[in-house]
Amino acid sequence: MLYETIMKNRTLFFGEGLFETFRVYAGRKLAFVEDHLDRMAEGCRFFAFPFYREKAIEALKLALNKIPHDTEARLRLNLIIYGDHSVDEVVFQTTWEPLQEVEAWQSSGVKLALAPFQRLSESPVVRFKTTSYLENIFVFRWARRQGFFDALFTNERGEITEGSITNVFFLSKGRIFTPPTDAGLLPGVTRKQIIKVAGMLGFSMTEAPVMPTDLNRFDGAFVTNSVIEILPVCVVHNTNYKAPEMIEALREGYRKRSEASLFPYRP
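Residue numbers (the numbering used here): 37 to 303.
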């Protein structure tokens, strides 16, 4: 029976599945849960997977119950697919680990490389958090071996799109620029919130193509995801950046929005 179950695990054998990653805050709390589940549901509609929101929420609650109350952690919710030649069943599975290193990166900033190959902007895989993650893992490990925090992909037009685990924003004279989703990138939950926060703070935010040749016209940059929130960037490829004060203002604004959305664990 166990053998048959394993052999039907399409996520294991084909990378057919979806996942979402959350930051667990002290007190067993998650931010923007509905945004994460909405994105997973959208991915399920696109790939014709069944999705059960209440089961996903129950899986999150069970996972939070296992995390020490005062521990900050990285929590991953996996949608596992089972079936012979089609999708017969989906199962929600969670994994977690204590959060490390983020505070050190906040003060020092991180370095980004340019990925060694391009990705197609129209690929549906880049728009969702699929378990077909080998491309991202390869580039992430490549970047770490080179001494970088992450590497930025470019698309077939040579436009910068995103990092292997991050969305990216650039700063120039008080204005914020970020690649548009049609460049071929994951519409990150934190990215979405930062765009909202920038508008609330009165900052100019533009979604526009960014080329590697544009890097030297920016005076700052930062990367985002749900775990690191916002990290300042000190280097992209061969270009050095400072950390303008507006990054801290955006971080504070994001924290306020995340606190307002917190999903508390209740047994």
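For glycine and all other residues, C-beta sits at the position ideal for the given N, C-alpha and C.
Asked: Residue 221 in three-state terms, based on DSSP; Found: coil
Asked: Residue interval of the alpha helix (DSSP H) (run including residue 298); Found: Looking at the DSSP string, residue 298 is not in any alpha helix (DSSP H), and its letter there is neither H nor E.
Asked: Own chain partners of residue 1 with C-beta closer than 7 Å, once the 5 adjacent residues on each side are dropped; Found: It is not possible to answer for residue 1, since the shown part of the chain is limited to 37 through 303.
Asked: Own chain, CB closer than 8 Å to residue 248, minus 5 neighbours either side, in chain order; Found: 150, 190, 194, 196, 273
Asked: Distance, residue 291 Cα to residue 250 Cα; Found: 30 Å
Asked: Residue from 220, 112, 211, 78 whose Cα sits closest to the Cα of residue 231; Found: 211
Asked: Residues that residue 131 bridges to, as DSSP identifies them; Found: 112
Asked: Alpha-carbon to alpha-carbon, residue 162 and residue 221; Found: 5 Å
Asked: Contact between the segment 279-287 and the segment 171-182 (3+ Cβ pairs under 8 Å); Found: no
Asked: Unbroken stretches of the beta strand (DSSP E), 3 residues or longer, contained in the segment 138-207; Found: 146-155, 186-191, 196-199
Asked: Residue 80 versus residue 60: straight-line alpha-carbon distance, rounded; Found: 24 Å
Asked: For residue 288, the nearest candidate out of 76, 277, 267 (CA to CA); Found: 267
Asked: Exposure of residue 117, with buried meaning 16 or more beta-carbon neighbours within 10 Å; Found: buried
Asked: Buried or exposed (CB count within 10 angstroms, at least 16 for buried), residue 66; Found: buried
Asked: Beta carbon of residue 131 nearer than 9 Å to that of residue 62; Found: no
Asked: Endpoints, beta strand (DSSP E) assigned at residue 241; Found: 240-243
Asked: Alpha helix (DSSP H) runs wholly inside the segment 40-100, at least 4 long, in chain order; Found: 46-50, 69-83
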